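Enquirer: Here it is, the structure in full.
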Amino acid sequence: GEQGLGLGLTLSASLAAAAGGSLSAEHPGDGGTTFVLSLPFVPDAPTDNRPSGPGPGGLT
Numbered sequence: 001g002e003q004g005l006g007l008g009l010t011l012s013a014s015l016a017a018a019a020g021g022s023l024s025a026e027h028p029g030d031g032g033t034t035f036v037l038s039l040p041f042v043p044d045a046p047t048d049n050r051p052s053g054p055g056p057g058g059l060t
């Protein structure tokens with residue numbers, strides 16, 4: 001197979017941290033590795049379906 005540069009986990013961990021989360025590795029002992037991505041859950045805020053700002057022609 002092809003050899004990578006090893007940047008994938010570093011980039012993934014940086015993206016997870018930027019989103020307020022984390023990336024960790026678990027080695028259960030069976031020869032495999034489990035990667036765990038944890039991200040915060042932020043529920044949707046109630047939305048106001050009215051358009052914001054002026055409408056067509058500058059009218060509201």
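Residue numbers are given in full-length UniProt numbering: position 33 of the sequence shown equals residue 33, and the series is strictly consecutive. Note that the Cβ used here is the ideal one computed from N, Cα and C, for glycine as well. As the structure is a computational prediction, the values presented were derived from the model and not from experiment.
Kindly indicate the opening and closing residues of the alpha helix (DSSP H) around residue 17.
Expert: Counting along the chain, the alpha helix (DSSP H) containing residue 17 begins and ends at 8-18.
Enquirer: Nearest-angstrom Cα distance between residue 23 and residue 37?
Expert: Straight-line Cα distance between these residues: approximately 5 angstroms.
Enquirer: Tell me whether the beta-carbon of residue 43 lies closer than 8 angstroms to the beta-carbon of residue 21.
Expert: Against a cut-off of 8 angstroms, the Cβ pair of residue 21 and residue 43 comes out as no contact.
Enquirer: Identify which residue in 2, 29, 11 has its Cα closest to the Cα of residue 66.
Expert: Missing from the structure shown is residue 66; the chain here goes from 1 to 60 and no further.
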